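For the sequence shown, the residue numbers in the working numbering are -6 to 141.
For every residue, glycine included, the Cβ atom is placed at its ideal position computed from N, Cα and C.
Since the structure is predicted, the reported quantities are computational estimates derived from the model, not experimental observations.
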Amino acid sequence: MNKFFCLVAALVMMLVGPVFAATMQSIGKDEVNVRSKPDLNSEVLFELSLGYPIQVEKQQDNWVYFTDWKNQAGWVFKPLVSKTQTAVILVDNANIRKGPSLSKPVVMKASQGAIYKIFGEKDDWVHVGYYLENEKIGWIRDDLVWGE
């Protein structure tokens, strides 16, 4: 009986398929079309630019379905997606600091909607910088960004 149960459990796992965990990625090219279906002939819903952070929810063939910080969703051709992690600033005039602490000096203020590359995380802080220049700027509290 125990062997039968193990066989049934194994068959069920094979039928269900692998479980896909949502992952944070970013748009890897400029002016990428977001589509209503995983098909090049489907409706273009909107366009995203290089570095825009997305949460990949599922994959189908060579397409990824994602959501973003504005609760927008759609399909993007997988080769146009990058594993580079980026973050979008959620509030206006967000402080980016010299280190991961409120006691560290502010090095700049970031505007809502600005996108930065993520270089790392420490406790409740995210180390951010310029995407194209690959240059670190400073640290921002993780509750002020989406994408980490």
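Between the Cα of D32 and the Cα atoms of D54, Y45, S96, which residue gives the shortest distance? The option with the nearest alpha carbon to D32 is D54.
Beta-carbon separation of R90 and W132 under 8 Å? Inclusion of R90 and W132 in the CB contact set at 8 Å is warranted, their separation being smaller than that value.
Quick one: is V84 buried, meaning 16 or more other Cβ sit within 10 Å of its Cβ, or exposed? Around the beta carbon of V84, fewer than 16 other beta carbons sit within 10 angstroms, so the residue counts as exposed.
Could you work out which residue in V69, I20, Y109 is closest to D135 when comparing CA atoms only? Looking at the Cα atoms, Y109 is the closest of the given residues.
Tell me the residue span of the beta strand (DSSP E) that contains G143. Absent from the model: residue 143. The displayed extent of the chain is -6 to 141, so no value can be given.
Simplified DSSP assignment, three categories, for L41: Under the three-state reduction of DSSP output, L41 falls in the strand class.
Buried versus exposed, by CB contacts within 10 Å (16 or more), L41: L41 comes out buried.
Looking at the unbroken beta strand (DSSP E) that takes in E114, where does it start and where does it end? Its beta strand (DSSP E) spans residues 108 to 115.
Quick check: the Cα distance between V37 and T77, rounded to an integer number of angstroms? Between V37 and T77, the alpha-carbon positions lie close to 24 Å from each other.
Sorted by chain position, which residues of the same chain lie with C-beta nearer than 8 Å to V100's C-beta, five sequence neighbours on each side aside? Take V100, set aside five residues on each side of it, and the residues of its chain with a beta-carbon closer than 8 Å to its own are I89, R90, K91, I130, G131, in chain order.
Cβ shell of F39 (< 6 Å), same chain only, five flanking positions each side left out: Excluding positions up to five away in sequence, the list reads V27.
Which stretch, first to last residue, makes up the beta strand (DSSP E) that contains N26? For N26, the enclosing beta strand (DSSP E) has its first and last residue at 25 to 28.
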